[in-house]
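In terms of the working numbering, the sequence shown opens at residue 10 and continues consecutively. Glycine included, each C-beta is placed from N, C-alpha and C at the ideal position. Since the structure comes first, as structure tokens, the remarks are kept for the end.
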Amino acid sequence: MSTTARAPIVKVVFASLVGTAVEWYDFFLYGSAAALVFGTLFFPKSDPVTGTLLAFGTYALGFVARPLGGVVFGHFGDRVGRKKMLIVSLMLMGLATVAIGLLPTYASIGVGAPILLLVCRLLQGFAVGGEWGGAVLMAAEHGDDARRGFWSSWPQAGVALGNMLATGVLWLLALVQSDEAFKSWGWRIPFLLSAVLVLVGLWVRLSVEESPVFQEARASLASRSSKEHQPLLEVIRRYPREVILAMGMRLAENIAYYLVTVISITYLTTFAGTSADKSKILTALLIGSAVQFVLVPILGALSDRVGRRPLYLAGAVGIALWSYVFFGLIGSRSEPKIILAVLVGLILHSLMYAPQAAFFAELFGTSVRYTGASVGYQLASILAGALAPIIALKLLGDVHHPNTTAVAIYMTVASVLTILAVLAARETARSSLRHDRVPAASASPTSPASPVDEPVS
């Protein structure tokens, strides 16, 4: 690719990276705050573990809203374009997050506080449900077939960057504030800072062009009436197998991520230590997220050479094995061991997450790609990320005698399901996105592209 041809894709990838980092900063911030303070601020009538469970309940409802966001944003993204939907999703996420930073607590207005928190969380989930599909498609559809894994992995790296920003702000506040100050007003600062990040993200996203693949397909799509072009119905009718496979592939990846980044905080501060250990796990998450941010594009490029499936399988097997070691290292309360537990966990997660964007985009045709990729991705979030903290806390059980083996078995079951899904999927590396493919039931899982691929023009 020439330098002149490379410039637009670099700009698009940067826009996807920045916007995704902002949206996931907002989304992850809620998860960290739920583990640290929301239980006592919004559900004070409960004991600490129950309060945290209730906070994670509102956290989980954000995931329930994500498939709806994926369907709505996917529908319009497949009809009017990717760029417009990305701008709307970013603005909606920013408004919801800043609103959380301004919410009164239970002590101020009683039961109205958790209700308002729930509404804001649902808006967050709806917005991020539409974000992922659009961001990765802008990168995938601007890039070339040979390096799609690399270009598409940058929005995935934006997720790590968003978590790094959220964790970094919380780590800094934990360093300079007492627990009392943080619980009183300090927790609001990271949410209010989102306004600045959203403005930066909007400025960058407004400057990029629409996906060229979508622009090429626009004439064909414009000739179809609204009744003829119903992206969700077309996905259900033409791509049910791809949606199920995408959901299966997400299980281990999604559960693993929240095991490492959210459940670990609760485990160390509630089950294995005290709130004084908060800075240790935040330090580990900060280091791990920084490493993941660098590693994901490298693994994305590797997936262009060796294929999406080998990396995904290695990550699924690795995280199942590591889950039996993870809690022992976290529970040691030794900072080097905690860092090791988180770092290895995020490296194994990256093996699945790096090729995922290209993998999912390559499963669907242009006219329904936004909807198909988003629905498969976000539906799995309900079964995986939404329930993972709640299930893990229930499996851990008693605060004084946590059952970490049960959580490891839970992770192993998810990994087995993901391995089966990857083995059932065809290898998609280096296949063209300029098609409106009708899946062939007999397609070989290892074939790089289906023989029934048809141009959109």
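message: So, for PHE280: in the same chain, excluding its five sequence neighbours on each side, which residues have a beta-carbon less than 7 angstroms away from its beta-carbon?
response: Cβ contact annotation for PHE280 (same chain, cutoff 7 angstroms, sequence separation greater than five): LEU405, VAL408, PRO411, in chain order.
field: Ranges of the alpha helix (DSSP H) found wholly within the region 380-452, counting only runs of at least 4
entry: Complete alpha helix (DSSP H) runs here, min 4: 397-405, 413-433.
message: Counting C-beta neighbours from all protein chains within 10 Å, is the total for LYS92 16 or more, i.e. buried, or is it exposed?
response: Classified as buried, LYS92 has 16 or more neighbouring CB atoms from the shown chains inside 10 Å of its CB.
- prompt: If you drop the 5 nearest sequence neighbours on each side, which residues of the same chain put their C-beta closer than 7 angstroms to that of MET10?
  reply: No answer about MET10 holds up, because its pLDDT of 47 lies below 50 and its placement is not dependable.
query: Helix or strand or just coil, what does DSSP make of GLY78?
result: Of the three classes helix, strand and coil, the one that applies to GLY78 here is helix, per DSSP.
Collapsed DSSP secondary structure at ASP87 in the structure displayed: In the displayed model, ASP87 falls within a helix according to three-state DSSP.
- prompt: Are GLY158 and ALA363 closer than 9 angstroms when you measure CB to CB?
  reply: Yes, the Cβ-Cβ distance between GLY158 and ALA363 is below 9 angstroms.
- prompt: By Cβ distance, which residues of its chain are closer than 6 angstroms to THR12, with the 5 residues on each side in sequence left out?
  reply: At THR12, the pLDDT of 45 sits below 50, so the modelled position is not reliable and the matter cannot be decided from this model.
task: Determine contact between the region 377-386 and the region 316-336, defined as no fewer than three beta-carbon pairs at a distance below 8 angstroms.
output: The region 377-386 is not in contact with the region 316-336.
- prompt: Can you tell me where the alpha helix (DSSP H) with ALA204 in it begins and where it stops?
  reply: The continuous alpha helix (DSSP H) containing ALA204 extends over residues 197-214.
field: Cβ shell of LEU277 (< 6 angstroms), same chain only, five flanking positions each side left out
entry: If we look at LEU277 and ignore the five residues flanking it on each side, its Cβ neighbours are ASP286, ILE290, ILE339.
query: Ends of the alpha helix (DSSP H) at PHE191?
result: In the DSSP assignment, PHE191 falls outside any alpha helix (DSSP H) and carries neither an H nor an E.
- request: Under 8 angstroms Cβ to Cβ from LEU372, same chain only, skipping five residues before and after it: list those, please.
  value: Excluding residues within five positions, the ones whose Cβ falls inside 8 angstroms are TYR248, GLU251, LEU254, ALA255, GLY381, ALA382, GLY385, ALA434, THR437.
query: Mapping DSSP to helix, strand and coil, what is LEU355?
result: Per DSSP, reduced to three states, the secondary structure at LEU355 is helical.
query: What is the residue span of the alpha helix (DSSP H) that LEU126 lies within?
result: That run of the alpha helix (DSSP H) goes 121-151.
field: 6 angstroms Cβ shell around THR413 - same chain, five flanking residues per side excluded
entry: Excluding residues within five positions, the ones whose Cβ falls inside 6 angstroms are PHE336.
- prompt: Is the beta carbon of PRO240 less than 9 angstroms from the beta carbon of HIS84?
  reply: Yes, the pair counts as a contact, with Cβ atoms nearer than the cut-off.
message: Taking the alpha helix (DSSP H) that SER117 belongs to, which residues open and close that run?
response: Segment 115-118, the alpha helix (DSSP H) holding SER117.
- prompt: Can you round the beta-carbon distance between ALA370 and ALA204 to whole angstroms, since I take them to be within the 8 angstroms contact cut?
  reply: That pair is no contact at about 31 angstroms.
Span of the alpha helix (DSSP H), counted from its first residue to its last, around ASP313: That run of the alpha helix (DSSP H) goes 287-315.
- request: Count the other C-beta atoms from every protein chain shown that fall within 10 angstroms of the C-beta of ILE118, then say buried if there are 16 or more, exposed otherwise.
  value: With fewer than 16 other Cβ atoms within 10 Å, it is exposed.
message: Which of the three DSSP states is assigned to GLU262 in this structure?
response: DSSP places GLU262 within a helical segment (H, G or I) once states are collapsed to three.
field: Three-state secondary structure assigned by DSSP to GLN224
entry: Here GLN224 sits in helix by DSSP.
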